[in-house]
Amino acid sequence: MTIITKARIFCPKCNEFTNANISFTLKTAEYQCQVCHVHISYNKIGQS
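Numbering-wise (this note's numbering), the sequence shown opens with residue 17 and increments by one.
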């Protein structure tokens, strides 16, 4: 797992760019907004 700290991401809940820590592997990625603390994750499904 790789972690990127203090990344700038767009938070759909805050509706603006905020700082977040992003953690990801080859198949999943997730981040947590530092303002509202919402968790957002992405799953990679199949690749041809």
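All C-beta atoms in this analysis are idealised placements derived from N, C-alpha and C, irrespective of residue type, glycine included.
No experiment lies behind these values; they were computed from the predicted model shown.
Buried or exposed (CB count within 10 angstroms, at least 16 for buried), C52 = Exposed, by the Cβ-count rule.
Could you tell me whether the Cβ atoms of R24 and N37 are closer together than 8 angstroms?
-> Against a cut-off of 8 angstroms, the Cβ pair of N37 and R24 comes out as no contact.
State the DSSP-derived secondary structure class of T34, mapped to helix, strand or coil.
-> Note: T34 maps to strand in three-state DSSP.
Taking the alpha-carbon positions, what's the C27 to I56 distance?
-> Taking C-alpha positions only, C27 is separated from I56 by approximately 9 angstroms.
Tell me whether C49 sits in a helix, a strand or coil according to DSSP, three-state version.
-> In this structure, DSSP gives C49 an extended state, which the three-state scheme calls strand.
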